[in-house]
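Asker: This is the structure I have questions about; it appears just below.
Number of protein chains: 2
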Amino acid sequence: MPAKDLIHDAVKTALESDGWNITDDPLSFEYKDVQVFIDLGAERVIGAERNGEKIAVEIKSFVGQSVIHDFESALGQYNLYHSVLRRLDPNRKLFIAISKVAFDSIFQREGIQTFVEDYQMSVLVVDLGSQEVTQWIPR
Amino acid sequence: MPAKDLIHDAVKTALESDGWNITDDPLSFEYKDVQVFIDLGAERVIGAERNGEKIAVEIKSFVGQSVIHDFESALGQYNLYHSVLRRLDPNRKLFIAISKVAFDSIFQREGIQTFVEDYQMSVLVVDLGSQEVTQWIPR
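Chains as they are written, first to last, in this note's numbering: chain G, 3 to 141; chain U, 3 to 141.
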């Protein structure tokens, strides 16, 4: 299975084990004259709900050739969804979901931490082996 | 010539006609343990200077298959450079350079304007035919 699908499935399974219902896969919006949806080649954002609490989860594999290029693309998608959710679905909290391996190797880097803090990214860490959420880092 | 190179060259020519010296192509930074540079396939950011004024220009072709995906990637790169410049080179102003065609068709869309305002993107519009700057929109 390609790495992208592997993490996508693992995140969904991990959320379900945590009691979340996956309500949207992908989670799409129409904002003014822009369709915010996930197309060809892009990685998906899903929607989930638990006891009335709603989240949007941007799943990122970080399997590209360049960490910084992957991070830029993740950040752009995160910021765009953030802008849209704030207006259309303000009670839904946005998270970026990454593997424990990506968290330990990429998100621990000081430079990356600066960007994560600058843009107040909430992070959800999933162990791909056990398919469990190992950390929620809300902002 | 591929569209990416076409706009890259047109923006440089337009800036030079406007009296700017292109000082860095690409403009790279090392921030903490992260190399912010432009690699394989990504579009470049260049540096220019005029009478002691310094700018960073992220050149975007918008020739991908999806406008929203292209915009997300442009936004992510813009925000990352913004974070880095603020710390390492705070007097250098950041712009995104796009063609007049992309400005008229994409950046006039209401939804896109919202995101441009949310992230305070400064825009530089270049006519690819005449290779001239037609608009500076600083924030």
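No residue lacks a Cβ here, since even glycine has one placed at the ideal position from N, Cα and C.
So G/Glu45 contacts chain U; which residues on that side make the cut at Cβ distance below 7 Å?
Answerer: Locating residue 45 of chain G in the first sequence gives position 43, where the first residue counts as 1. Those within 7 Å of G/Glu45 in chain U number zero; the least Cβ separation is about 10 Å.
Asker: Around the Cβ of U/Gly49, are there at least 16 other Cβ atoms within 10 angstroms (buried) or fewer (exposed)?
Answerer: In the second sequence, residue 49 of chain U corresponds to position 47, counting from 1. Buried: at least 16 other Cβ atoms inside 10 Å.
Asker: If I measure Cβ to Cβ from U/Ser101 and keep anything under 7 Å in the same chain, skipping five residues before and after, which residues do I get?
Answerer: In the second sequence, counting from the first residue as 1, residue 101 of chain U sits at position 99. Same-chain partners within the cutoff: Ile9, Val128 and Leu130.
Asker: Does the stretch 111-125 of chain G come close enough to the stretch 8-23 of chain U that 3 or more CB-CB pairs lie under 8 Å?
Answerer: no
Asker: I want to see whether chain U comes within less than 8 Å of G/Asn23, judged by CB atoms only; does it?
Answerer: On the first sequence, position 21 is the one that residue 23 of chain G refers to. Chain U, which has no Cβ nearer than 8 Å to the Cβ of G/Asn23, makes this no.
Asker: Would you be able to state if there are at least three C-beta pairs under 8 Å between the stretch 75-91 of chain U and the stretch 79-86 of chain G?
Answerer: Flag = yes, the stretch 79-86 of chain G and the stretch 75-91 of chain U touch.
Asker: Taking the C-alpha atoms as reference points, what is the distance between G/Lys62 and G/Lys6?
Answerer: The count along the first sequence starts at 1 and reaches residue 62 of chain G at position 60. The count along the first sequence starts at 1 and reaches residue 6 of chain G at position 4. Each residue's Cα considered, the two are about 8 Å apart.
Asker: With H, G and I counted as helix, E and B as strand and the rest as coil, what does DSSP make of U/Gly49?
Answerer: Locating residue 49 of chain U in the second sequence gives position 47, counting from the first residue. It is a strand residue.
Asker: Please list the residues of the stretch 107-125 of chain G that have a C-beta atom closer than 7 Å to any C-beta atom in chain U, keeping them in chain order.
Answerer: Arg111, Glu112, Gly113, Ile114, Thr116, Phe117, Asp120 and Tyr121
Asker: With a cut-off of 8 Å, does the C-beta of G/Asp35 fall near any C-beta of chain U?
Answerer: Residue numbering aside, residue 35 of chain G sits at position 33 when the first sequence is read from its first letter. Output row for G/Asp35: interface = yes.
Asker: Between U/Ile142 and chain G, is the shortest Cβ-Cβ distance under 8 Å, so that the two count as touching?
Answerer: Residue 142 of chain U lies beyond the stretch modelled for chain U, which goes from 3 to 141, so this question has no answer here.
Asker: Residue ranges of each alpha helix (DSSP H) run of no fewer than 4 residues wholly in the stretch 76-122 of chain G, ordered along the chain?
Answerer: 102-107 and 112-120
Asker: Kindly identify the DSSP beta-bridge partner or partners of G/Ala58.
Answerer: Taking the first residue of the first sequence as 1, we reach residue 58 of chain G at position 56. The partner list for G/Ala58 (beta bridge, DSSP) reads G/Gly49 and G/Leu96.
Asker: State the CB to CB distance for the pair G/Thr15 and G/Glu51, rounded to an integer number of angstroms; the pair is presumed to be in contact (CB under 8 Å).
Answerer: What you label residue 15 of chain G is simply residue 13 of the first sequence in a count that begins at 1. What you label residue 51 of chain G is simply residue 49 of the first sequence in a count that begins at 1. Contact flag wrong, Cβ pair sits at about 16 Å.
Asker: So, under 8 Å CB-CB, U/Asp27 and U/Arg46 are touching, yes? Tell me the CB distance rounded to an integer number of Å.
Answerer: Counting from 1 along the second sequence, the entry for residue 27 of chain U is found at position 25. Counting from 1 along the second sequence, the entry for residue 46 of chain U is found at position 44. About 7 Å separates the two Cβ atoms, so the contact holds.
Asker: Measure how close the beta-carbons of U/Val59 and U/Val13 come, nearest whole angstrom, since I'm counting them as under 8 Å.
Answerer: The residue labelled residue 59 of chain U in the question sits at position 57 within the second sequence. The residue labelled residue 13 of chain U in the question sits at position 11 within the second sequence. Between U/Val59 and U/Val13, the beta carbon gap of about 7 Å places them in contact (Cβ cut-off 8 Å).
Asker: Starting from the C-beta of U/Val69, find all residues in its chain whose C-beta is less than 7 Å away, skip the five residues before and the five after it, and write them out in chain order.
Answerer: For this step, residue 69 of chain U is matched to residue 67 along the second sequence. Cβ within range, chain order: Ile108.
Asker: For a contact defined as C-beta to C-beta under 8 Å, what are the partners of U/Ser75 on chain G?
Answerer: Here residue 75 of chain U is taken as the residue at index 73 of the second sequence, counted from 1. Per Cβ cutoff of 8 Å: Glu74, Ser75 and Gly78.
Asker: Under DSSP, the beta strand (DSSP E) around G/Asp129 begins and ends at which residues?
Answerer: In the first sequence, the residue the question calls residue 129 of chain G occupies position 127. Its beta strand (DSSP E) spans residues Val125 to Asp129.
Asker: Any idea which residues DSSP pairs G/Glu18 with across the strands?
Answerer: On the first sequence, residue 18 of chain G is found 16 positions in, with the first residue counted as 1. Bridge partners of G/Glu18: none, in fact.
Asker: Report the rounded CA-to-CA distance for G/Lys34 versus G/Arg94, giving the unit in angstroms.
Answerer: In the first sequence, counting from the first residue as 1, residue 34 of chain G sits at position 32. In the first sequence, counting from the first residue as 1, residue 94 of chain G sits at position 92. Annotation: G/Lys34 to G/Arg94 spans about 19 Å, alpha carbon to alpha carbon.
Asker: Chain G partners of U/Asn81, CB-CB under 9 Å?
Answerer: Counting from 1 along the second sequence, the entry for residue 81 of chain U is found at position 79. Within 9 Å of the CB of U/Asn81, the CB atoms of chain G belong to Glu74, Leu77, Gly78, Asn81, Phe117, Asp120 and Tyr121, in sequence order along the chain.
Asker: For G/Gln137, write down the residues that DSSP places opposite it in a beta bridge.
Answerer: On the first sequence, residue 137 of chain G is found 135 positions in, with the first residue counted as 1. Looking at the DSSP assignment, G/Gln137 forms a beta bridge with G/Val127.
Asker: Which of the three DSSP states is assigned to G/Pro26 in this structure?
Answerer: Here residue 26 of chain G refers to the residue found at position 24 when the first sequence is read from its first residue. Looking at the sequence itself, residue 26 of chain G is Asp, so the reference to Pro does not match. DSSP places G/Asp26 in strand when its eight states are reduced to three.
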